[in-house]
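Accompanying notes for the structure given below.
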Amino acid sequence: MKIIVCLKQVPKNDSILRINDQGNWIQDRDLTYEINESDAYGLEAALQLKEKQGGEVIALSLGPARVQSVIKEALARGADRGIHLEDPAFDKLDAYGIAAVISAAAKAEGFDLLLTGLQSDDYGFAQTGVIAAELLGLPHATIVMDVQPGDGSLRVKRELENGYFQWVSMPAPAVLTIQSGINTLRYATLKGIMGAKKKEIKKLDVTALGIDKAALAPRMEFLRVYVPQKSKQTQFIEGSPAEIAASLMEKLRNEARVF
Amino acid sequence: MERDSLEVDVLFVGAGPASLAGAMRLRQLINKHNEEAEANGGKKLDEITIAVIEKGREVGSHMISGAVMDIRPLEELLPDFRERGAPLESEVTVEDVSYLTRRFKIRSPIIPPPLDNHGKYVVSLNKLIRWLGPIVEESDVMLIPEFPGAEMLYDGDRVIGVRTGDKGVGKDGEEKDNFAPGADIFAKVTVLGEGSRGSLTKKHVERLKLDEGRNPQVYAAGVKEIWELPKGRVTPGFVMHTLGYPLPNDTFGGGFVYGMQNDLLDIGLVVGLDYQDPFTDPHRLFQQFKQHPAIAKMLEGGKMLYYGAKTIPEGGLFSQPKYYGDGFLIIGDSASFLNSQKLKGIHMAMKSGMLAAEAILEALVADRYDNETLRKFETLVRESFVHKELYEVRNFHQAFRHGRRWGLIESGLQYLTGGFGLLGDLETEAGHEKMKKLHVFNRMPKRSGEVPEPEPVKYDNQITFDKVTDVYRSGTEHDEDQPSHLKILDFNICINRCTQEYGNPCQYFCPAAVYEVEESGGGRKPKINFSNCVHCKTCDISDPYQIIDWVTPEGGGGPNYINL
Numbered sequence: 001m002k003i004i005v006c007l008k009q010v011p012k013n014d015s016i017l018r019i020n021d022q023g024n025w026i027q028d029r030d031l032t033y034e035i036n037e038s039d040a041y042g043l044e045a046a047l048q049l050k051e052k053q054g055g056e057v058i059a060l061s062l063g064p065a066r067v068q069s070v071i072k073e074a075l076a077r078g079a080d081r082g083i084h085l086e087d088p089a090f091d092k093l094d095a096y097g098i099a100a101v102i103s104a105a106a107k108a109e110g111f112d113l114l115l116t117g118l119q120s121d122d123y124g125f126a127q128t129g130v131i132a133a134e135l136l137g138l139p140h141a142t143i144v145m146d147v148q149p150g151d152g153s154l155r156v157k158r159e160l161e162n163g164y165f166q167w168v169s170m171p172a173p174a175v176l177t178i179q180s181g182i183n184t185l186r187y188a189t190l191k192g193i194m195g196a197k198k199k200e201i202k203k204l205d206v207t208a209l210g211i212d213k214a215a216l217a218p219r220m221e222f223l224r225v226y227v228p229q230k231s232k233q234t235q236f237i238e239g240s241p242a243e244i245a246a247s248l249m250e251k252l253r254n255e256a257r258v259f
Numbered sequence: 260m261e262r263d264s265l266e267v268d269v270l271f272v273g274a275g276p277a278s279l280a281g282a283m284r285l286r287q288l289i290n291k292h293n294e295e296a297e298a299n300g301g302k303k304l305d306e307i308t309i310a311v312i313e314k315g316r317e318v319g320s321h322m323i324s325g326a327v328m329d330i331r332p333l334e335e336l337l338p339d340f341r342e343r344g345a346p347l348e349s350e351v352t353v354e355d356v357s358y359l360t361r362r363f364k365i366r367s368p369i370i371p372p373p374l375d376n377h378g379k380y381v382v383s384l385n386k387l388i389r390w391l392g393p394i395v396e397e398s399d400v401m402l403i404p405e406f407p408g409a410e411m412l413y414d415g416d417r418v419i420g421v422r423t424g425d426k427g428v429g430k431d432g433e434e435k436d437n438f439a440p441g442a443d444i445f446a447k448v449t450v451l452g453e454g455s456r457g458s459l460t461k462k463h464v465e466r467l468k469l470d471e472g473r474n475p476q477v478y479a480a481g482v483k484e485i486w487e488l489p490k491g492r493v494t495p496g497f498v499m500h501t502l503g504y505p506l507p508n509d510t511f512g513g514g515f516v517y518g519m520q521n522d523l524l525d526i527g528l529v530v531g532l533d534y535q536d537p538f539t540d541p542h543r544l545f546q547q548f549k550q551h552p553a554i555a556k557m558l559e560g561g562k563m564l565y566y567g568a569k570t571i572p573e574g575g576l577f578s579q580p581k582y583y584g585d586g587f588l589i590i591g592d593s594a595s596f597l598n599s600q601k602l603k604g605i606h607m608a609m610k611s612g613m614l615a616a617e618a619i620l621e622a623l624v625a626d627r628y629d630n631e632t633l634r635k636f637e638t639l640v641r642e643s644f645v646h647k648e649l650y651e652v653r654n655f656h657q658a659f660r661h662g663r664r665w666g667l668i669e670s671g672l673q674y675l676t677g678g679f680g681l682l683g684d685l686e687t688e689a690g691h692e693k694m695k696k697l698h699v700f701n702r703m704p705k706r707s708g709e710v711p712e713p714e715p716v717k718y719d720n721q722i723t724f725d726k727v728t729d730v731y732r733s734g735t736e737h738d739e740d741q742p743s744h745l746k747i748l749d750f751n752i753c754i755n756r757c758t759q760e761y762g763n764p765c766q767y768f769c770p771a772a773v774y775e776v777e778e779s780g781g782g783r784k785p786k787i788n789f790s791n792c793v794h795c796k797t798c799d800i801s802d803p804y805q806i807i808d809w810v811t812p813e814g815g816g817g818p819n820y821i822n823l
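Protein sequences, first through last, are from chains A and B.
Going by the numbering used here, the residue at position 218 of the first sequence is 218; the numbering climbs one at a time, nothing skipped.
Position in the second sequence (first residue = 1) + 259 = the numbering used here.
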């Protein structure tokens, strides 16, 4: 089974974020990065599938030179090779643009499964995988918790609301967006890290991918990013327990309108 | 799962300035040796592998320092450091040395010569190491972050390498699904560059009695924050050092304020860990420092961005352990290569690493890695500026043993006499032995069992912040599902003796709110929030009973320092 897993490099969870001078995104100075959380689970799912089925795992990332570190991390954990999509034209892509580039690269490579995380921790659109599937003309499933490959087909478990799950059968190749927390992430071993140095990372730009730059023009633009104003208030109700309960009920009914 | 093992020629432990400079210098020397051998038909050194292991998530994530830096070793290592975009903040432009009383700041009319920082640079060690790491890696050195050195490997008493920490161990010591045992890394020479109070260095020095006949090491704890101020307020290269408030006369230390690029101000306080009052709390003293009118004015309208803490080995020349032996060398802060009078250690750390590299080259050429061969390191140190500087300030910290007032006079005399002072060479006392019991301060626990506590500080979240808020700003993270890496050897001592005798000073000296004492069901119980730990080692140093053992947590845990 040939699996391409998309890994996005995002600012580290809990980073101290500051808004940039234009006020339309965060300052990229003084940030440290990591693999997008749900993408890391996608990678683990791919590695486990490979262990069971055999085949190949390809780690793909899009972005400037720094994103090579997430590809290297994936190679150290057991991915077989990497693809790095880098071009100045990829600097300010929206979800459609990212999906267009990824799908071009994936199409050229050929695959049985294309995995992405459910959504990215920075933009949180949850669209990249879905649009890529559409551009590739392939079926997709979102919020995937388990993947059972069959002969030219797949059974996948999807998470629904209220603790419900759904099993879906679909033909392969397909695109799946993976939910966080579905498996236990492995550590990179020292042997893995040493071995990763010998693995190939293929770099592809606009020309190599044969993409028309005009098609990447953003269809969406950030106007303003700001820190939400605090609207939460804490009130202390005093009195006897009976009075407190009555007052609380009154406030829940009339002010908070929870009933 | 099988234990990995790896053979390298030279292994550095801890990717700080000492190891990185050492590893890169070694590669340069090997290349030069091979070029010369090629030209003269001599014997080349083939395929020498050099590795640096690091406990932090990335090379740089545990790096913190003041810092004003003497950049000579950087120039020596990388003559084109400017072209390569070394992130120096600024050459020192404005200097201010002041004495603080509770309300006033008295500026010294002259800059005392040891604090003259003309020609030195304000740097963020963190930025510098994050920049240097990839350059060192390009020079063909393996950098391996997230692999802490957990144990030394010996053949008899000869060091043969390091075992890294296990990963995937649950909080009760059980192996989780993703358990990965630590790897054995074997090396001809193991170089310990772990920084202040290295956890391997501590046990190694004990085992081989490398500190026999030396002064005990004395430490200070530094806490600092980086502030972003309104545009144009910060002068890059501004350097201020203060003495006095809020430190009592008998406590060594002082404050610092440095101007960085991009409107960032670097502000911190260093507190000697050889204090007497068990309620001494470096973080709390730092909050008081910031509330001083002269300091608070500087911070007005600013925003605190980052926080961090580290310890500093202050003991100097006479506290240095024997830093070479069969199969090993010790460099940087781990071997007390730090000038406590000039408040500088980065240049000495780098230079000690580079001198170690010279000694290792000779060992590689001779293919001998014993005590006699590696003694060369000591010879090289003694011929370098490192020894000269350490020798001149050999009695500096000791001068403050009777408090600040006398210390200033005595250290002045030392300066005039080339370090001799009044009485010649002086001994030190380990900090934890200087701590006095509660009754000395009239703070006996009451008959009711009520335990005395220091007066609370007000945290306004403008200028002053509690420890938990500050720790958040250090980016510290540890997987909660692992055993605590702070090993208390005997909990009974905490409750039965320490509470009565010292009032559990761990609650105060720890700058990261790791230690709490909980009242539960009529009893007191220590609680250890190990995931807050910023890896400063203050607890391992300052615990009066020496029953706290700091060991390495799972690789990748700890602070994620930026700009510190």
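Every residue gets a Cβ at the ideal spot worked out from N, C-alpha and C, and that includes glycine.
Just so it is clear, the structure is predicted and the values come from calculations on it, not from any experiment.
- Task: Leaving aside the five residues before and after E488/B along the sequence, list all residues of the same chain whose C-beta is less than 6 Å from its C-beta, in chain order.
- Result: It should be noted that the sequence gives Leu, not Glu, for residue 488/B. Here the set comprises D522, L524, G561.
- Applying the criterion that 16 or more other CB atoms from any shown protein chain within 10 Å of the CB defines a buried residue, is L285/B buried or exposed? Taking all protein chains shown into account, L285/B has 16 or more neighbouring C-beta atoms within 10 Å of its C-beta and is therefore buried.
- Would you mind stating whether A132/A and L114/A have Cβ atoms separated by less than 8 Å? yes
- Just the Cα atoms here: how many angstroms apart are R466/B and I35/A? Roughly 41 Å between the two C-alpha positions.
- Going along the chain, which unbroken runs of the beta strand (DSSP E) with 3 or more residues stay wholly within the segment 672-750 of chain B? 745-747
- Query: If we cut at 8 Å on Cβ distances, does I821/B have a partner in chain A?
  - Reply: yes
- Item | Distance between P812/B and E105/A (C-alpha atoms, nearest Å) | The sequence shown places Ala at residue 105/A, not Glu. The straight-line gap from Cα to Cα measures roughly 40 Å.
- Nearest-angstrom Cα separation, counted from F724/B out to K426/B: 34 Å
- Query: Taking C-alpha atoms, which residue in K386/B, V356/B, S383/B, V381/B lies nearest to P372/B?
  - Reply: V356/B
- Query: With which residues is K202/A paired in a DSSP beta bridge?
  - Reply: I83/A
- With a cut-off of 8 Å, does the C-beta of G420/B fall near any C-beta of chain A? no
- Message: Can you pull the chain C neighbours of G275/B, defined as C-beta to C-beta under 8 Å?
- Response: Of the protein chains in the structure, A and B, none is chain C.
- Item | Test item: CB-CB of V493/B and G514/B under 8 Å | no
- Message: For a test of the three-state rule: what should DSSP assign to E313/B, helix, strand or coil?
- Response: coil
- Assuming T501/B contacts Y534/B under a Cβ cut-off of 8 Å, what Cβ separation, rounded to an integer in Å, is found between them? In this structure, T501/B and Y534/B do not form a Cβ contact; the two beta carbons are roughly 18 Å apart against a cut-off of 8 Å.
- Query: What are the residues that DSSP puts in a beta bridge with G454/B?
  - Reply: Paired residue(s): none; G454/B is not in a bridge.
- Who are the neighbours of L185/A on chain B, taking C-beta pairs under 8 Å? N437
- Is G408/B helix, strand or coil by DSSP? strand
- From the beta carbon of I16/A, is the nearest beta carbon of chain B less than 8 Å away? At least one beta carbon of chain B lies nearer than 8 Å to the beta carbon of I16/A.
- Query: So, is the C-beta of D263/B closer than 8 Å to a C-beta in chain A?
  - Reply: By this cut-off, D263/B is an interface position.
- Message: I want to see whether chain B comes within less than 8 Å of K191/A, judged by CB atoms only; does it?
- Response: yes
- Item | Within chain A, the residues that K887/B reaches when beta carbons sit closer than 7 Å | Outside the modelled stretch of chain B, which goes from 260 to 823, sits residue 887/B, for which no answer is possible.
- Taking Cβ-Cβ distances below 7 Å as the criterion, which residues of the segment 702-733 of chain B are in contact with chain A? R732
- What residues in the segment 121-132 of chain A bring their beta carbon closer than 8 Å to a beta carbon of chain B? none
- What does T207/A reach in chain B if we use C-beta pairs closer than 7 Å? Neighbours of T207/A on chain B: none; closest Cβ ~27 Å, over 7 Å.
- Message: Less than 8 Å between the beta carbons of I821/B and D30/A, yes or no?
- Response: yes
- To the nearest whole angstrom, what separates the beta carbons of K302/B and A296/B, a pair I think is in contact under 8 Å? That belief holds up - the Cβ atoms of K302/B and A296/B are roughly 6 Å apart, short of 8 Å.
- Do T797/B and T570/B have their C-beta atoms closer together than 8 Å? Annotated as proximal: T797/B and T570/B, with beta-carbon spacing under 8 Å.
- Among I83/A, Y41/A, A89/A, which one has its Cα closest to the Cα of K213/A? Ranking the options by Cα distance to K213/A, first place goes to A89/A.
- Task: Could you tell me which of L623/B, P713/B, D799/B sits nearest to L748/B, measuring between CA atoms?
- Result: D799/B
- Message: Can you look up Q68/A in the DSSP assignment and give me helix, strand or coil?
- Response: helix
- Query: Could one say the Cβ of F406/B lies closer than 8 Å to chain A's Cβ atoms, at least one of them?
  - Reply: yes
- Query: Of all the options R66/A, N162/A, A74/A, V227/A, which has the alpha carbon lying nearest to the alpha carbon of W390/B?
  - Reply: R66/A
- Query: Using a C-beta cutoff of 8 Å, does T32/A count as contacting chain B?
  - Reply: yes
- Query: With a CB to CB cut of under 8 Å and the five nearest residues on each side skipped, what residues in its chain are close to Q48/A?
  - Reply: N183
- Message: List, in chain order, every chain A residue whose beta-carbon is nearer than 8 Å to that of Y565/B.
- Response: I16, listed in chain order.
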